[in-house]
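Here the sequence shown stands for residues 1 to 271, where the numbers follow UniProt numbering.
Glycine is no exception: its CB is placed at the ideal position from the N, C-alpha and C atoms.
So the structure is just underneath, and the comments pick up after that.
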Amino acid sequence: MRESLQHKKRIVVKIGTSSLIYPNGNINLSGIDELAFVLTDLQNQGKEIILVSSGAIGVGMNKLNLKERPKEIPEQQAVAAVGQSELMTIYNQRFQTYSQQTAQLLLTRDIIEFPQSRENVCNTLEQLIAMGIIPIINENDTVAVDELDHLTKFGDNDQLSAIVSQLTHADLLIVLSDIDGFYSANPVSDPSAILYDEINKITPTLLSQATGKGSPYGTGGMTSKLKAAQRILSSQGQMILANGKHPKIIFDVLAGNQIGTYFFEIEEDNR
Ligand code: ADP
């Protein structure tokens with residue numbers, strides 16, 4: 001089954017904050033540089049790449065020299081606003097090294113709630129892809145709200161990356177986290193946990209094995225990654241969850257090597 005991975009053409013890559021920021025709060029420039037190199041090389045091979053990147057608050061905290069994540073929402077939004085532009089500056093610099101153009105898209109849930117917004121975003125993405133530009137997507141933290149009558153948040157970037165994959169009919173979503181894949185328990189607290197090689201259905205048992213975020217910079221933890229996988233499987237898509245410490249791992253994933261956890265539906269005929 002993994003052999004088919006080398007033929008995936010349209011690929012959404014989601015990178016978590018823990019892969020962009022060192023535990024001491026500094027920016028992981030070599031990781032970001034490696035990511036830019038890998039994604040550009042894949043683009044040069046003729047693949048179509050979309051990047052969903054977290055990290056705005058982490059980068060903002062670094063820039064503003066904040067040791068603790070702000071608790072109030074206006075503060076978080078302000079720090080994210082500082083961090084988002086800084087993060088894009090870093091991405092632009094790194095991608096420029098490889099002569100790869102990028103574009104920034106800041107989205108809210110409107111893209112699934114309002115057909116007109118959805119159409120506009122899809123058209124923009126298709127146009128960028130046709131122009132050979134790598135879209136870099138994040139939630140629009142400044143305007144996204146979570147009120148009963150007006151829900152415009154995605155929840156987290158795992159969900160956003162799954163939604164973007166669905167909207168663009170991507171062949172594969174690669175979620176890069178700070179862990180090798182999905183385990184039978186959180187390996188940080190349970191050393192006997194076993195890595196799942198592949199998962200074909202998100203069951204209540206699997207959901208019960210997933211717990212929260214792993215690092216202070218992490219967001220949704222494994223529960224949100226499983227929910228993203230559920231969304232992907234519901235639309236016959238495929239997802240790989242792998243460790244983003246060395247983004248070159250993406251080459252190995254696409255070569256079909258046994259890396260991370262591979263989420264795919266088994267077709268009826270093969271059951
Ligand atoms: P990211 O910033 O990459 O999105 P998160 O911190 O949100 O990362 O999620 C990854 C963390 O989820 C891991 O570091 C791990 O501590 C935790 N986790 C909880 N349950 C599991 C599990 N069953 N398998 C693997 N990791 C798990």
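**Request:** Within the stretch 125–194, note down every full beta strand (DSSP E) run reaching 3 residues or more, in order along the chain.
**Result:** 134–139, 172–177
**Message:** Let's test the definition: count the other Cβ atoms within 10 Å of the Cβ of Pro74 and tell me whether it reaches 16, buried, or not, exposed.
**Reply:** Stepping through the sequence shown from its first residue, residue 74 is reached at position 74. Pro74 comes out exposed.
**Inter-residue Cα distance where the pair is Thr142 and Gly60** = In the sequence shown, counting from the first residue as 1, residue 142 sits at position 142. In the sequence shown, counting from the first residue as 1, residue 60 sits at position 60. Thr142 and Gly60: Cα-Cα distance of roughly 14 Å.
**Prompt:** Is Glu86 helix, strand or coil when you go by DSSP?
**Reply:** Residue 86 sits at position 86 when you count from the first residue of the sequence shown. Residue state, collapsed to three classes: helix.
**Asked** So, do the stretch 195–208 and the stretch 46–59 have three or more beta carbon pairs nearer to each other than 8 Å?
**Response** no
**Message:** Can you confirm whether the stretch 21–35 touches the stretch 231–248 when touching is taken to mean that 3 or more C-beta pairs between the two stretches lie within less than 8 Å?
**Reply:** yes
**Request:** Identify, in the order they occur along the chain, each residue of the same chain with its Cβ nearer than 7 Å to the Cβ of Tyr98, setting aside the five sequence neighbours on each side.
**Result:** Walking along the sequence shown from the start, residue 98 turns up at place 98. Once the five neighbours on either side are set aside, the close Cβ partners of Tyr98 are Ala36, Phe37, Thr40.
**Own chain residues within Cβ distance below 6 Å of Asp252, not counting five before or after** = For the purposes of this step, residue 252 is taken as residue 252 along the sequence shown, with counting starting at 1. Correct list, in chain order: Ile259.
**Prompt:** For Leu192, is the beta carbon positioned less than 7 Å from some heavy atom of ligand 1?
**Reply:** Counting from one through the sequence shown, the residue named residue 192 turns up at place 192. One detail in the question is off: residue 192 reads as Ser in this sequence, not Leu. No, ligand 1 has no heavy atom inside 7 Å of this Cβ.
**Request:** Measure the C-alpha to C-alpha separation of Gly181 and Ile11 and round it to an integer number of angstroms.
**Result:** Within the sequence shown, the letter at position 181 stands for residue 181. Within the sequence shown, the letter at position 11 stands for residue 11. Near 18 Å, if we compare the C-alpha coordinates of Ile11 and Gly181.
**Message:** My assumption, with CB atoms under 8 Å, is that Leu5 sits in contact with Gly256. Please give the rounded CB distance.
**Reply:** What you label residue 5 is simply residue 5 of the sequence shown in a count that begins at 1. What you label residue 256 is simply residue 256 of the sequence shown in a count that begins at 1. Between Gly256 and Leu5 the Cβ distance is about 5 Å, and since that is below 8 Å, they are a contact.
**Request:** Could you work out which residue in His169, Ala130, Asn157, Glu113 is closest to Asn140 when comparing CA atoms only?
**Result:** Along the sequence shown, read from residue 1 onward, the residue named residue 140 stands at position 140. Cα-wise, what sits closest to Asn140 is Asn157.
**Request:** Using DSSP bridges, identify the partner residues of Met1.
**Result:** Residue mapping note: residue 1 aligns to position 1 of the sequence shown, counting from 1. According to DSSP, Met1 bridges with nothing at all.
**Request:** Taking 8 Å as the cut-off, decide whether the C-beta atoms of Thr205 and Met222 are in contact.
**Result:** For the purposes of this step, residue 205 is taken as residue 205 along the sequence shown, with counting starting at 1. For the purposes of this step, residue 222 is taken as residue 222 along the sequence shown, with counting starting at 1. Their beta carbons are not under 8 Å apart, which means Thr205 does not touch Met222 by this criterion.
**Item:** Assigned exposure category for Gln77 - 16 Cβ within 10 Å defines buried
**Value:** Here residue 77 refers to the residue found at position 77 when the sequence shown is read from its first residue. Buried, since its Cβ has 16 or more Cβ neighbours within 10 Å.
**Prompt:** To the nearest angstrom, how far is it from the Cα of Ser234 to the Cα of Ile57?
**Reply:** Here residue 234 corresponds to residue number 234 of the sequence shown, with the count starting at 1. Here residue 57 corresponds to residue number 57 of the sequence shown, with the count starting at 1. About 31 Å.
**Message:** Measuring straight from C-alpha to C-alpha, what distance separates Asn62 and Ile136?
**Reply:** Along the sequence shown, one-based indexing puts residue 62 at 62. Along the sequence shown, one-based indexing puts residue 136 at 136. For Asn62 and Ile136, the distance between alpha carbons rounds to 20 Å.
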